[in-house]
Amino acid sequence: MIKFLVTTSHRPTRNTRRFTKFISMILPNFIRVNRGKLTLSMLALQAIDMNIDRVVIIRNRKGNPGYIDIYNVDYLNNSLRLLCTLKICGYSLSTTIRGGLAKKRTFNGIVLNLDIEEDLDKSEMNEALECLVHLFPLTIQRPSDNMCKQDNYLFVNIRKNVENRIYEVKFQDCARLLGILRICT
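If you're matching positions, the sequence shown starts at 49 in my numbering and goes up one per residue.
Okay, structure coming up:
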């Protein structure tokens, strides 16, 4: 499974730090690092030292998390290569997440459900959906009823809202909704 290093822009706001903590707490293999004054090349070296495949930088926009930049770590040149950028239209965190979590959630598996047209081929996929696939490099499965009865799974549901031209990414476990991320197209 691909490992991610999650960090913020140089001067993050409180909401951006909270959102970064939410992402690193919910998603497995996401390791949060305080950026401080680290440049992109220093982040690349840190990712190489930690044997991490991708770096995710969450940037501000008007005081809130506005963009998610996804970089691929180039081990030969010790650098980062920008894969894509997601524009965040909005987000909503669960009240249990807002109050803070004592420790990182551990899930036995992740079920990714794409709630879009079944016959969608590669030519019809737009840039935002391709970037979401880079962020969640998982096998696409349909959730079954016995998954909640047996193990602790994280369900990631990506749904296209045609009227608002956004993708809604819902994070939930078997019991409750953990958060919603809205991505502009």
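Beta carbons: idealized from backbone N, C-alpha and C, even for Gly. All values derive from a computational prediction rather than experimental measurement.
Name the one or two DSSP bridge partners that residue i has.
i	result
asparagine 218	One point to set straight first is that residue 218 is lysine, not asparagine, in the sequence displayed. Partner(s): Asn205 and Ile228.
tyrosine 139	Leu229
isoleucine 116	Ile106 and Leu134
leucine 53	Ile79 and Val103
For a test of the three-state rule: what should DSSP assign to residue i, helix, strand or coil?
i	result
lysine 110	coil
isoleucine 79	strand
serine 72	helix
arginine 146	Its pLDDT being 49, under 50, arginine 146 is placed unreliably by the model, and the measurement read from it follows with that caveat. Here arginine 146 sits in helix by DSSP.
arginine 62	helix
serine 127	strand
leucine 177	helix
aspartate 97	helix
valine 121	strand
leucine 86	coil
glutamate 172	The predicted model places glutamate 172 with a pLDDT of 39, which falls under 50 and marks its position as unreliable; any figure quoted below should be read in that light. Helix, per DSSP.
Label residue i either buried or exposed according to how many other C-beta atoms from any shown protein chain fall within 10 Å of its C-beta, with 16 as the threshold for buried.
i	result
glycine 227	buried
isoleucine 116	buried
isoleucine 50	exposed
arginine 83	buried
arginine 27	Outside the displayed range of the chain (49 to 233) lies residue 27, so it cannot be described from this structure.
arginine 224	exposed
lysine 85	exposed
Mind reading off the beta-carbon distance from residue i to residue j? Whole number of angstroms is fine, and I expect it under 8 Å.
i	j	result
proline 113	threonine 64	5 Å
arginine 102	phenylalanine 67	At roughly 18 Å, the Cβ-Cβ gap does not stay under 8 Å, so arginine 102 and phenylalanine 67 are not in contact.
leucine 180	valine 217	7 Å
isoleucine 74	phenylalanine 219	5 Å
leucine 229	tyrosine 139	5 Å
isoleucine 231	cysteine 132	Isoleucine 231 to cysteine 132, Cβ: 11 Å. No contact.
isoleucine 100	leucine 183	Wrong, their Cβ atoms sit about 14 Å apart, outside the cutoff.
phenylalanine 70	leucine 141	6 Å
valine 104	glutamine 94	Actually they are not in contact, since the Cβ atoms of valine 104 and glutamine 94 sit about 13 Å apart, beyond 8 Å.
Check whether chain B comes within 9 Å of residue i, counting only Cβ atoms and requiring the distance to be less than that.
i	result
phenylalanine 70	Here there is only one protein chain, and chain B is not present.
* Would the stretch 51–66 and the stretch 99–108 be scored as touching if the rule is three or more Cβ pairs under 8 Å? -> yes
* **Touch test, the stretch 85–93 against the stretch 122–136, Cβ-Cβ under 8 Å, three pairs minimum** => yes
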